[in-house]
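The structure appears right after this line, and notes come after that.
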Amino acid sequence: MCRALGLERSGVMHSDRKTRFSIRGNPVYHFCAVSSFSEYIVVHSGCAAKVSPNAPLEKICLLSCGVATGLGAAWNVADISKGSNVAVFGLGTVGLSVVQGAKLRGASQVIGVDINPEKVEKAKDFGVDVYLNPKDYDEPIHEVIKRMTDGGADYSFECTGDTRATTSALQSCCDGWGLTVTLGVPKAKPEITAHYGLLLTGRTLRGSMFGGWRPKSDIPSLVDKYLNKVVRFYTYPKVNKHEVVSESKKTAPFEQ
Numbered sequence: 052m053c054r055a056l057g058l059e060r061s062g063v064m065h066s067d068r069k070t071r072f073s074i075r076g077n078p079v080y081h082f083c084a085v086s087s088f089s090e091y092i093v094v095h096s097g098c099a100a101k102v103s104p105n106a107p108l109e110k111i112c113l114l115s116c117g118v119a120t121g122l123g124a125a126w127n128v129a130d131i132s133k134g135s136n137v138a139v140f141g142l143g144t145v146g147l148s149v150v151q152g153a154k155l156r157g158a159s160q161v162i163g164v165d166i167n168p169e170k171v172e173k174a175k176d177f178g179v180d181v182y183l184n185p186k187d188y189d190e191p192i193h194e195v196i197k198r199m200t201d202g203g204a205d206y207s208f209e210c211t212g213d214t215r216a217t218t219s220a221l222q223s224c225c226d227g228w229g230l231t232v233t234l235g236v237p238k239a240k241p242e243i244t245a246h247y248g249l250l251l252t253g254r255t256l257r258g259s260m261f262g263g264w265r266p267k268s269d270i271p272s273l274v275d276k277y278l279n280k281v282v283r284f285y286t287y288p289k290v291n292k293h294e295v296v297s298e299s300k301k302t303a304p305f306e307q
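When we follow the working numbering, the leftmost residue of the sequence shown carries the number 52, and every step to the right adds one.
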């Protein structure tokens, strides 16, 4: 993470704490220092990276957050090993990117957990081997995962922003070496509730910000991986602002 900018949530420029845009006299604030849904924007130099001129901006824009966050969590933070069992909680943009990263690292089984059944087909397309909907089971989902993986997953990822999912992900990991990586930003309750014994028995809980990448130097290499078809992703042809702010989460975040 950049020490100068950190997790920027102020909505203003780092240099003078002001915005560069306004509408009808009202300031237009930045989102996480980069802004969104705008053809032109002014950002801090630390938020800009020079990439290949052959790269389609409407595609690689996803690397500014979600896709890079998921891939980096799998590659840099967890450093997934070949033949491992992986559980991913939340199959949105970040979660599917974790799935893709896990498969590219040779994971033998990727379990996807999500309460939205409409995401199943796209999730399998990205590499999910088994889809689990917690609503379909009368027992805690971590018990299902532990049974499927003979004791627990080697790696689990929380990509929902729900701290209850963080606890479930931690419970889904195996004793001794299980690693849980949390990527979601909680909207409400920020505290995690878990039994101390989960850590005492050897599990590790680790946070991940932007997948551990160094944006200015690593984003160009990720763009090259996309151009060379090592990684792939889809974008909406048009953004429906109602769907963006909707809490229903019925729309899969990856669409052609």
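Here a beta-carbon is modelled for each residue, glycine too, at the ideal position from N, C-alpha and C.
Computed from a prediction, not measured in an experiment: that's the story for all the values here.
- State the DSSP-derived secondary structure class of Thr233, mapped to helix, strand or coil. strand
- Measure the C-alpha to C-alpha separation of Glu190 and Ser219 and round it to an integer number of angstroms. 12 Å
- Buried versus exposed, by CB contacts within 10 Å (16 or more), Asp205: buried
- Interface flag, Thr255 vs chain B, CB-CB below 8 Å: Note that chain B does not occur in the displayed structure, where there is just one protein chain.
- Task: Provide the residue span of the alpha helix (DSSP H) that contains Ile111, from first to last.
- Result: 108–111
- Item | Cβ-based neighbour list, Lys154, same chain, cut-off 6 Å, excluding 5 preceding and 5 following | Gly178
- Query: If you count every other CB in all the chains shown that lies within 10 Å of the CB of Asp261, and 16 or more means buried, which is it?
  - Reply: The sequence shown places Phe at residue 261, rather than the Asp named in the question. Classification of Phe261: buried, given that the 10 Å Cβ count is 16 or more.
- Is the distance from the Cβ of Glu242 to the Cβ of Thr214 below 8 Å? yes
- Message: Here's the rule I'm using: 16 or more other beta-carbon atoms within 10 Å means buried, otherwise exposed. How should Thr252 be labelled?
- Response: exposed
- Message: Does Arg198 pass the burial test, meaning 16 or more other C-beta atoms within 10 Å, or should it be called exposed?
- Response: exposed
- Message: Using 8 Å as the cut-off, can you tell me whether the region 134–149 makes contact with the region 158–167, which would need three or more C-beta pairs spanning the two stretches below that distance?
- Response: yes
- At a cut of 8 Å, does the region 60–70 reach the region 222–240 through at least three beta carbon pairs? no
- Cβ-Cβ distance between Val195 and Leu183 below 8 Å: yes
- Message: Do Asp180 and Ile162 count as a contact pair if the criterion is CB distance below 8 Å?
- Response: yes
- Residue burial classification, Ser96 (beta-carbon count within 10 angstroms, cutoff 16): exposed
- Query: In chain order, what residues of the same chain have a beta carbon less than 6 Å from the beta carbon of Arg257, not counting five sequence neighbours either side?
  - Reply: Val232
- Task: Please say whether Val93 and Arg71 have beta carbons closer to each other than 8 Å?
- Result: yes
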